[in-house]
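Here the protein sequences line up with chains G and E, keeping their order. Just so we're on the same page, the working numbering is the position in the first sequence counted from 1, plus 28. Just so we're on the same page, the working numbering is the position in the second sequence counted from 1, plus 28. Every residue, glycine too, gets a C-beta built ideally from N, C-alpha and C.
2 protein chains.
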Amino acid sequence: MIFSGLNFNDEEPVYLQIENYIKSMVKSGMLVSNGKLPSSRELSKLLEISRNCVITAYENLEDKKIIYTIKGKGTFISPGQSSDIDEWKVSWDERINTYGHLAYELDIVKHEIPWKKNLISFKSISPDGELFDMEEFKKAFLNRISLEGHKLLNYGYAKGYKPLMDFLLEYMSTKGIKTDNKDTIITNGFTEGLEMLLTAYTNPGDGIICENPTHNTAIKIMRVHGLNIVGVSMKQDGVDINELESKLKSGGIKFGYLIPSYHNPTGIIMKAEKRYSVYNMFKKYNVPIIEDGFNEELLYNSAQISPIMALDKGGNGVVYIGSFSKILFPGIRVGWILGDRKMIETLESVKRCKNIHTSFLDQGVLYEYLKSGDFEKYIKRTRKFYKEKYEFALNCIERFIKPASIFGEGGMHIYMELEGIDSRELLEKCYKKNVIFTPGDVFTVDNTGKNALRLGLSRVSLEEIEKGIKIIGECLNDCKK
Amino acid sequence: MIFSGLNFNDEEPVYLQIENYIKSMVKSGMLVSNGKLPSSRELSKLLEISRNCVITAYENLEDKKIIYTIKGKGTFISPGQSSDIDEWKVSWDERINTYGHLAYELDIVKHEIPWKKNLISFKSISPDGELFDMEEFKKAFLNRISLEGHKLLNYGYAKGYKPLMDFLLEYMSTKGIKTDNKDTIITNGFTEGLEMLLTAYTNPGDGIICENPTHNTAIKIMRVHGLNIVGVSMKQDGVDINELESKLKSGGIKFGYLIPSYHNPTGIIMKAEKRYSVYNMFKKYNVPIIEDGFNEELLYNSAQISPIMALDKGGNGVVYIGSFSKILFPGIRVGWILGDRKMIETLESVKRCKNIHTSFLDQGVLYEYLKSGDFEKYIKRTRKFYKEKYEFALNCIERFIKPASIFGEGGMHIYMELEGIDSRELLEKCYKKNVIFTPGDVFTVDNTGKNALRLGLSRVSLEEIEKGIKIIGECLNDCKK
């Protein structure tokens, strides 16, 4: 095909024209190093010339080491010949827009303390992979792929894999949610769920109310969307309801974003009565609530506490974003949004703009795993596992740290405030002794939280918990000196 | 936990206070239908009251059918009791922003002709799933999951799964691309690749040059980002180079977007010489090129034609977006961006804002499949398969349609222009006879292409191709009457 640009003239011998043409194509880089040339037979046929002309041209080029031949394989372009033209240098840095700058600046991974050997890291709240039931997962894969492998590996639907969607609707209804006026869409985890909602329903400058402190990734997503983030202080039982009302009253608020169960970072569970007043407050000002289902599966109670969305009954003022990523297979990135039917219809089109749909393979395998019933058993095991860790860590904290206050009552992490201590300074000292945690300021919307810190417990052993917390306690005493 | 809101007064009997508390919790919906209550023993312990009070309260509630007991299992809330409060109705439609509106409006799936039985659809250009090698895929899954299942199922890295990234860098270098000043990031398919780039490097109102017609999803993504889309007409060998220059000269252009191989929709392959002039033109005006690797794997030539990016050598003016989705496993949504190292670093943070990372399970399995060597064999089989279809369809078109012009020379689709025919009108007639295709206007940026249509061949059998094209020919004659 590259030879279709060769138009013969009547002045030069044909073999020479072929030779020069190949030379110039090699020089400009259009014929690639080690790329295969057509055989002399093919080329003579293609160009409608005598085969001898091609053979002569190839022989001359081979003499000049521009091409080489491997017997039985063909003729190839010799490497390292293309001319060094002026390199095109684009200043990508100058072209980054506000979104790109903010995404980079707020990317905590980019500004992380470097990993070192034997580090005890209390940063993670991702699940302990050792809990995953690999044999069941393999079984789920093989079952589902045998049933409809070709379907799962080809393009699917933007809303998601129907059996999984139905499973999740049913699952959410067991939480007391009325689902018949609602619909669901599968997303690549919680992050994409929030991102999609903000993409379609907010404009730069819009207000969004959230708990302060709150989930740092959520803050980042709101920031890159240019939202005006309005934080409401946290009391021991959740948001300050009077402050909430005064901020709702001030207007310009498009959404509320709340994490009612084992709130990140404080670990606070918003009690049923509080959920009711918070729900009614947002309803009064007609500001829809985005409910982050974070850690909800870890709630371990005899009397089930229902999501805020359950209070909305046939209403459509609450949007629920769910994900199992904090307990199950976060690597496959499957989450969901549950909400008003028409809203989901809009998000379906948004999803098609973002990435067409979430992996159907992952959705199929997750569905198979969930429906097998192993999930119930798994959740119970997981609850027990993290509860033990939590209680053990709490005990260590009381022994070694004695913080000014500990919020919350469980989950995968512990949040505490320390009197008169800068947690960044503490972190620096701890890092020298091979212990790290997340300083509180990353969770706040107003650069407060400087005396707070979060310990993520999911990826550290009991032994490490004890050792690490002891070291934090020692460094804390150092700070006080 | 729901009972922590119960504060006893001294006026009423304790059992009555418990009874009333549970009643109000049920009514407000905070105690969920069929939710389990703590046992009388647990609750008395929790509230530090006599167990008899709890038993009395439960008995009274059971009499009133507010709760029910299953022997050996426990006490539960009876269904269907919560009060019907005023429903909260949010007008989601009024809250949709421009992005949301455009995403919906430009979503061709939302405005599609309804499917019916026995329809011959020439709309799809997604791969024929029957070609997928399921046994090899299963093997790849089992191998990879045995090696590092826990790792693949837990959180991974935003840039991607390292072995897959390395594989792709090596793969791209065999296409003649100098990769040592470049880096790659894994995306959820081509769509997300383009979306991420535009998110971080364009602002509403910026100009973007593309071939006209071009890939309809790309047009949609540019539109929702508020870009000023500047189309350049296509000649039989690709973009009109003079028009390209005059549009670059006019200024305000942030990017060029090009599909050099089996261009969608026209099927044109940009020849090596043309690639060179197009590359130099963009370089002259310092406007980076986004090269869509679409269909590149289907190029079947003895002399390899290299991507435009290969001409950029050590430069950084070309960004390549790749995906195997048109030939292999589109359901798993894995694509990649190859480009300037610092640019990829920015996109890494953007990816973390969008959805943290692409499924590590999918990346791991795809890597295992690709490195097994089956991919090479698969591509060869695929090329042959689609080439046969293409040639067969071309023959049918010559027999039954005789279009004014056919562009391109291969791939999974055929694009043609018909003289004096409105392709939407033709589509209406064909639909009545159970044949559909994509009308040309969806691919244009200026509402032209009304006399054109695209036939996607990948999902129709030879028999259907012949039958379908014959019907299109008949309807065409009807239109001319």
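| Item | Value |
| --- | --- |
| Alpha carbon to alpha carbon, what distance is there between S56(G) and D114(G)? | 12 Å |
| Using C-beta distances below 6 Å, list every residue in its chain close to S330(G), excluding the 5 sequence neighbours before and after it, in chain order. | Any reading at S330(G) is ruled out, since the residue's pLDDT is 44, under 50, leaving its predicted position unreliable. |
| DSSP three-state call for I456(G): helix, strand or coil? | With the sequence shown as reference, residue 456(G) is identified as Glu, and Ile is not the correct amino acid for it. Three-state DSSP puts E456(G) in a helix. |
| What residue range is occupied by the uninterrupted alpha helix (DSSP H) comprising D91(E)? | 79–91 |
| Quick one: which residues of the stretch 289–306 of chain E get their C-beta closer than 9 Å to a C-beta of chain G? List them in chain order. | I297, K299, A300, E301, K302, R303, Y304 |
| Here's a check: name, in chain order, each residue in its chain whose Cβ is nearer than 8 Å to the Cβ of S261(E), leaving out the five neighbours to either side. | N240, V267, D268, E271 |
| According to the neighbour-count rule (16 or more other Cβ atoms, all chains shown, within 10 Å of its Cβ), is K430(E) buried or exposed? | exposed |
| Nearest-angstrom Cα distance between A85(E) and E47(E)? | 5 Å |
| For D506(E), I'd like the list of residues in its chain whose CB is within less than 7 Å of its CB, leaving aside the five on either flank, ordered along the chain. | K457 |
| In chain order, what residues of the same chain have a beta carbon less than 7 Å from the beta carbon of K408(E), not counting five sequence neighbours either side? | none |
| I need the straight-line Cα distance from T410(E) to G157(E), nearest angstrom please. | 11 Å |
| Enumerate, from N- to C-terminal direction, the unbroken alpha helix (DSSP H) stretches of 4 or more residues contained entirely within the stretch 89–168 of chain G. | 120–123, 126–133 |
| Would you list, in chain order, the members of the stretch 175–191 of chain E that have their beta-carbon closer than 8 Å to a beta-carbon of chain G? | G177, H178, K179, L180, L181, N182, Y183, G184, A186 |
| In three-state DSSP terms, what is M298(G)? | coil |
| Mind checking which residues open and close the alpha helix (DSSP H) that includes G501(G)? | 490–508 |
| What residues are listed by DSSP as bridge partners for D320(G)? | I349(G) |
| Helix, strand or coil for L481(E)? Go by DSSP, reduced to three states. | strand |
| Is the Cβ of D368(E) closer than 9 Å to any Cβ of chain A? | The structure shown contains no chain A; its protein chains are G and E. |
| Contact check, V378(E) vs T227(E) under 8 Å by CB: the rounded distance? | 6 Å |
| Could I get the ranges of all uninterrupted beta strand (DSSP E) runs contained in the stretch 355–402 of chain E, with 3 residues as the minimum, in chain order? | 363–368 |
| In chain E, what lies closer than 7 Å to C381(G) by C-beta? | A131, E223, K248, I249, V252 |
| Does M250(E) come out as helix, strand or coil in the three-state DSSP assignment? | helix |
| Please report the residue range of the alpha helix (DSSP H) in which G284(G) lies. | G284(G) -> not in any alpha helix (DSSP H); beta strand (DSSP E) instead, spanning 281–286. |
| Quick one: what's got a C-beta closer than 7 Å to Y127(G)'s C-beta in the same chain, skipping five residues either side? | V252 |
| Could you tell me the boundaries of the alpha helix (DSSP H) in which S261(G) lies? | Where S261(G) is concerned, there is no enclosing alpha helix (DSSP H), although the beta strand (DSSP E) it sits in stretches over 256–263. |
| The alpha helix (DSSP H) that contains K200(G), what's its start and end? | In the sequence as presented, Lys is not what sits at residue 200(G); that position holds Met. From DSSP, the alpha helix (DSSP H) with M200(G) extends over 190–201. |
| Rounding to the nearest angstrom, what Cα-Cα distance links D91(E) and K51(E) in this structure? | 13 Å |
| Spatial neighbours of A338(E) within its chain, please: C-beta separation below 6 Å, excluding the five flanking residues on both sides. | G204, I205 |
| Since S56(G) meets chain E, which of its residues come closer than 9 Å, beta carbon to beta carbon? | A300, E301, Y304, L339 |
| Is the beta carbon of E325(G) less than 9 Å from the beta carbon of K370(G)? | no |
| So with Cβ pairs under 9 Å, would you call S68(G) a contact of chain E? | no |
| For L175(E), count neighbouring Cβ atoms within 10 angstroms of its own Cβ and tell me buried if that reaches 16, exposed if not. | exposed |
| To which residues of the same chain is Y459(E) closer than 7 Å at the C-beta, ignoring the five residues directly before and after it? | I141 |
| Measure from the C-beta of Y348(E) to each C-beta in chain G and report whether the shortest distance is under 9 Å. | no |
| Out of T294(E), I236(E), T202(E), K248(E), which one is the CA nearest neighbour of I318(E)? | I236(E) |
| Taking a Cβ distance cut-off of 9 Å, strictly less, list which residues of the stretch 140–163 of chain E are near chain G, in chain order. | S152, S154, P155, D156, G157, E158, F160, M162 |
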